[in-house]
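K.L.:
Below is one structure. I have some questions about it.
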Amino acid sequence: MATQNPKGTRDFLPKDERVQQYIFSKWRETCLAFGYEPYEGPTFEHLELYTDKSGEEIVDQLYAFQDKSGRNIALRPEMTPTLARMVAAQGHSLPKPVKWFSMPRLFRYERAQKGRLREFFQLNMDILGAQSLDAETDLLLAICALMRNFGFKPTDFRIGLSNRRLLNALLEQLGVENRNAVYAALDRRAKIGEEAFGELLAEAGMSPEARKTLNDAMGCASLGELEPFCVSDEARAALDELRFVLGRMAALGHGESVGLDLNIVRGLAYYTGLVFEVFDAAKSMRAVAGGGRYDDLCAKLGGEKVTGVGFGMGDVVLKDLLEEHGLLPDVSRDRLDYWLVSFDGDVETLFRTAEALRAKGRRVAHPLELRKFAKQMQEADRSGAAKVLMLGSDKAPEGSVEVKDLRDGSQGVVPLDQL
Ligand code: HAM
Numbered sequence: 135m136a137t138q139n140p141k142g143t144r145d146f147l148p149k150d151e152r153v154q155q156y157i158f159s160k161w162r163e164t165c166l167a168f169g170y171e172p173y174e175g176p177t178f179e180h181l182e183l184y185t186d187k188s189g190e191e192i193v194d195q196l197y198a199f200q201d202k203s204g205r206n207i208a209l210r211p212e213m214t215p216t217l218a219r220m221v222a223a224q225g226h227s228l229p230k231p232v233k234w235f236s237m238p239r240l241f242r243y244e245r246a247q248k249g250r251l252r253e254f255f256q257l258n259m260d261i262l263g264a265q266s267l268d269a270e271t272d273l274l275l276a277i278c279a280l281m282r283n284f285g286f287k288p289t290d291f292r293i294g295l296s297n298r299r300l301l302n303a304l305l306e307q308l309g310v311e312n313r314n315a316v317y318a319a320l321d322r323r324a325k326i327g328e329e330a331f332g333e334l335l336a337e338a339g340m341s342p343e344a345r346k347t348l349n350d351a352m353g354c355a356s357l358g359e360l361e362p363f364c365v366s367d368e369a370r371a372a373l374d375e376l377r378f379v380l381g382r383m384a385a386l387g388h389g390e391s392v393g394l395d396l397n398i399v400r401g402l403a404y405y406t407g408l409v410f411e412v413f414d415a416a417k418s419m420r421a422v423a424g425g426g427r428y429d430d431l432c433a434k435l436g437g438e439k440v441t442g443v444g445f446g447m448g449d450v451v452l453k454d455l456l457e458e459h460g461l462l463p464d465v466s467r468d469r470l471d472y473w474l475v476s477f478d479g480d481v482e483t484l485f486r487t488a489e490a491l492r493a494k495g496r497r498v499a500h501p502l503e504l505r506k507f508a509k510q511m512q513e514a515d516r517s518g519a520a521k522v523l524m525l526g527s528d529k530a531p532e533g534s535v536e537v538k539d540l541r542d543g544s545q546g547v548v549p550l551d552q553l
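Following the numbering used here, the numbering of the sequence shown begins with 135 at its first residue and continues without gaps.
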């Protein structure tokens with residue numbers, strides 16, 4: 135028992151952590167390329183931050199406890215409430231819009247299963263204080279860039295776009311009173327099939343005609359098909375939002391990765407407008423990312439009204455996807471530039487040579503006890519270094535060193551000042 139980690143958590147041995155760091159570095163690189171700035175927050179917050187704002191699903195999954203002073207605290211299950219709290223607290227002093235990113239460690243008491251753990255990392259990219267739907271464009275382009283930078287082709291993934299405002303307007307048109315029950319049913323529609331969906335709608339008190347209309351609307355694959363269902367001004371305005379962003383993404387050359395997907399409802403309560411999720415093309419895994427617009431969250435936290443839009447991308451599904459596509463690079467040789475071995479020298483010579491190379495900015499390490507040469511070479515192979523330098527080799531004249539490249543096995547003699 136004492137040697138086992140808690141269910142739904144992971145130990146990252148150095149070989150695993152290298153992969154993790156690869157993911158983090160791609161996330162960071164892409165965010166910086168789009169001009170998003172890094173931020174962080176606390177790993178635990180006041181419980182009410184989530185119980186009031188996040189929605190039932192997440193509240194059921196909270197790791198919550200009372201601290202020694204009796205305060206109700208929760209480990210953060212997501213970053214958005216913290217971000218909105220931080221921005222709300224700054225008020226007018228913060229020039230808007232802000233484009234911020236973070237890579238928090240999050241905690242959710244979920245049933246551990248493929249793609250779902252109890253502790254995971256999630257890239258968050260958000261824009262606060264931008265009214266225009268081109269905030270959505272910027273974020274969707276960033277998702278495409280993230281996927282491209284990991285090596286995915288535009289046809290390997292799909293960003294499904296929907297609109298909470300549109301769903302709301304359709305339910306309004308249909309006179310639905312029990313909206314939460316209908317949202318819950320909509321969220322499950324793709325998984326449970328039309329018949330079970332119809333039953334849930336009936337339980338929520340919808341008439342047979344209203345159920346048929348809603349089901350037909352949800353089955354629309356294009357904006358053209360959806361248009362006749364949008365009768366009210368509100369529904370038509372919401373449809374125009376979808377049209378605008380889909381059109382923009384197509385014009386920018388990302389038409390094949392982005393499309394309408396009305397099955398996307400999103401479990402979180404704070405979304406007010408466009409919502410989206412990113413899946414592998416076959417939709418064989420859970421969503422790799424999800425997000426949307428939340429224009430009321432800052433105001434609900436007691437600040438001024440600051441519009442928001444953003445998404446979270448989880449490391450768990452992403453890593454599964456990278457593995458499935460054979461896109462995880464071999465990072466086993468990236469740790470060190472050089473590992474030193476010695477035919478004849480003493481350990482002090484190794485330290486001295488390593489220090490000289492480090493002074494030139496190289497990453498260098500060596501054994502701390504000199505063993506037989508063959509053993510030293512085995513150690514070199516395990517070291518995670520790109521190359522091994524063999525000090526004291528009689529093949530290398532004064533001022534040079536014998537070098538073996540551990541990636542391709544090639545060997546040669548190189549002048550010391552060229553290292
Ligand atoms: P979310 O849909 O709850 O959204 O999470 C986004 C992504 O985080 C999911 O698509 C999934 O990849 C990953 N994820 C979620 N739960 C787990 C889990 N238990 N184990 C592993 N991965 C998980 C949010 O969290 C929103 N706060 C995102 C957002 C940012 N909206 C606006 N800005």
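Just so it is clear, CB atoms sit at the ideal spot from N, CA and C, and this is done for glycine as well.
According to DSSP, is leucine 386 helix, strand or coil?
P.N.:
Position 252 of the sequence shown holds residue 386. Three-state result, leucine 386: coil.
K.L.:
Between Gly225, Val399 and Glu482, which lies nearest to methionine 352 when the distance is taken from Cα to Cα?
P.N.:
As a first step, residue 352 is located in the sequence shown; it is residue number 218 there, counting from the start. It is Val399 whose Cα lies nearest to the Cα of methionine 352.
K.L.:
DSSP beta-bridge partners for phenylalanine 410?
P.N.:
Within the sequence shown, numbered from 1, the residue matching residue 410 stands at position 276. Answer is Leu295 and Gly425.
K.L.:
List the DSSP bridge partners of isoleucine 261.
P.N.:
The residue you call residue 261 lines up with position 127 of the sequence shown. Paired residue(s): Lys233 and Val443.
K.L.:
Does the contact criterion of 3 or more C-beta pairs under 8 angstroms hold for the segment 438-447 versus the segment 464-483?
P.N.:
Touching, no.
K.L.:
CA-CA distance, lysine 404 and arginine 219?
P.N.:
Position 270 of the sequence shown holds residue 404. Position 85 of the sequence shown holds residue 219. According to the sequence provided, residue 404 is tyrosine. The question's lysine does not apply to it. C-alpha separation (whole angstroms): 13 angstroms.
K.L.:
Quick one: grab the DSSP three-state call for aspartate 515.
P.N.:
Here residue 515 refers to the residue found at position 381 of the sequence shown. Three-state DSSP puts aspartate 515 in a helix.
K.L.:
Report whether the distance from the Cβ of alanine 403 to the nearest heavy atom of the ligand HAM is below 7 angstroms.
P.N.:
For the purposes of this step, residue 403 is taken as residue 269 along the sequence shown, with counting starting at 1. Answer for alanine 403: no, Cβ out of range of the ligand HAM.
K.L.:
How would you label proline 140, buried or exposed, when you count the other beta carbons within 10 angstroms and need 16 or more for buried?
P.N.:
Within the sequence shown, residue 140 is the residue found at index 6, counting from 1. Exposed is the call here.
K.L.:
Could you tell me which residues DSSP pairs with lysine 521 in its beta bridges?
P.N.:
Position 387 of the sequence shown, counting from 1, holds the residue named residue 521. For lysine 521, which the question treats as bridged, DSSP gives the partners Tyr472 and Asp539.
K.L.:
Just how far apart, CA to CA, sit cysteine 553 and proline 501?
P.N.:
To locate residue 553, count along the sequence shown from 1; it is residue 419. To locate residue 501, count along the sequence shown from 1; it is residue 367. Before going on, a small fix: residue 553 reads as leucine here, not cysteine. Approximately 19 angstroms between the Cα atoms of the pair.
K.L.:
Can you tell me which of Leu386, Val475, Ser544 and Gly426 puts its alpha carbon nearest to the alpha carbon of leucine 402?
P.N.:
Counted from its first residue, the sequence shown places residue 402 at position 268. Leucine 402 has its Cα closest to that of Gly426, out of Leu386, Val475, Ser544 and Gly426.
K.L.:
What residue from Ala385, Phe507, Val221 and Leu181 has the CA that sits closest to glycine 479's CA?
P.N.:
Looking up residue 479 in the sequence shown gives position 345. Glycine 479 has its Cα closest to that of Phe507, out of Ala385, Phe507, Val221 and Leu181.
K.L.:
Provide the residue span of the alpha helix (DSSP H) that contains glycine 358, from first to last.
P.N.:
By one-based count along the sequence shown, residue 358 stands at place 224. Glycine 358 -> alpha helix (DSSP H) spans 357-360.
K.L.:
Using 8 angstroms as the Cβ pair cut-off and three pairs as the minimum, do the segment 479-498 and the segment 432-440 touch?
P.N.:
The answer is no - the segment 432-440 does not touch the segment 479-498, with fewer than three Cβ pairs under 8 angstroms.
K.L.:
With distances taken Cα to Cα, identify the nearest neighbour of leucine 550 among Glu536, Ala371, Arg292 and Asp542.
P.N.:
Position 416 of the sequence shown, counted from the first residue, corresponds to residue 550. Nearest C-alpha to leucine 550: Glu536.
K.L.:
Put phenylalanine 241 into one of helix, strand or coil per three-state DSSP.
P.N.:
Position 107 of the sequence shown, counted from the start, is the residue given in the question as residue 241. Correct three-state label for phenylalanine 241: strand.
K.L.:
Could you name the residues of the same chain whose beta carbon sits closer than 8 angstroms to that of arginine 496, not counting the 5 residues immediately before and after it, in chain order?
P.N.:
Translated into positions along the sequence shown, residue 496 becomes position 362. Hits under 8 angstroms: Asp471, Tyr472 and Leu553.
K.L.:
According to DSSP, proline 549 sits in a beta bridge with which residue or residues?
P.N.:
Looking up residue 549 in the sequence shown gives position 415. Ser534, per the DSSP bridge assignment.
K.L.:
Have a look at Leu504, Asn206 and Leu461 and flag the residue whose alpha-carbon is nearest the alpha-carbon of glutamate 482.
P.N.:
Residue mapping note: residue 482 aligns to position 348 of the sequence shown, counting from 1. Of the listed residues, the one whose Cα sits closest to glutamate 482 is Leu504.
K.L.:
Figure out for me which residue from Leu348, Ala167, His388 and Leu373 has the closest Cα to the Cα of glycine 407.
P.N.:
Taking the first residue of the sequence shown as 1, we reach residue 407 at position 273. Comparing Cα positions, the closest option is Leu373.
K.L.:
With a threshold of 7 angstroms, establish whether the CB of phenylalanine 168 neighbours any heavy atom of the ligand HAM.
P.N.:
Here residue 168 refers to the residue found at position 34 when the sequence shown is read from its first residue. No, the beta carbon of phenylalanine 168 sits no closer than 7 angstroms to any heavy atom of the ligand HAM.
K.L.:
Please report the distance separating the alpha-carbon of glutamate 311 from that of threonine 347.
P.N.:
Residue numbering aside, residue 311 sits at position 177 when the sequence shown is read from its first letter. Residue numbering aside, residue 347 sits at position 213 when the sequence shown is read from its first letter. Each residue's alpha carbon lies about 16 angstroms from the other.
K.L.:
Hey, would you say glutamate 375 sits closer than 8 angstroms to arginine 322, going by beta carbons?
P.N.:
Translated into positions along the sequence shown, residue 375 becomes position 241. Translated into positions along the sequence shown, residue 322 becomes position 188. Contact: no.
K.L.:
Tell me whether glutamine 224 sits in a helix, a strand or coil according to DSSP, three-state version.
P.N.:
Counted from its first residue, the sequence shown places residue 224 at position 90. Note: glutamine 224 maps to helix in three-state DSSP.
K.L.:
Comparing C-alpha positions only, which one of Gln195, Arg162, Arg210 and Ser203 sits nearest to leucine 183?
P.N.:
Taking the sequence shown and counting its residues from 1, one reaches residue 183 at position 49. It is Arg210 whose Cα lies nearest to the Cα of leucine 183.
K.L.:
If you drop the 5 nearest sequence neighbours on each side, which residues of the same chain put their C-beta closer than 8 angstroms to that of phenylalanine 286?
P.N.:
Against the sequence shown, residue 286 aligns to sequence position 152. Answer for phenylalanine 286: Leu455, His459 and Leu461, listed in chain order.
K.L.:
Starting from valine 392 and walking both ways along the beta strand (DSSP E), at which residues does that stretch end?
P.N.:
On the sequence shown, position 258 is the one that residue 392 refers to. Here the beta strand (DSSP E) through valine 392 covers 392-394.
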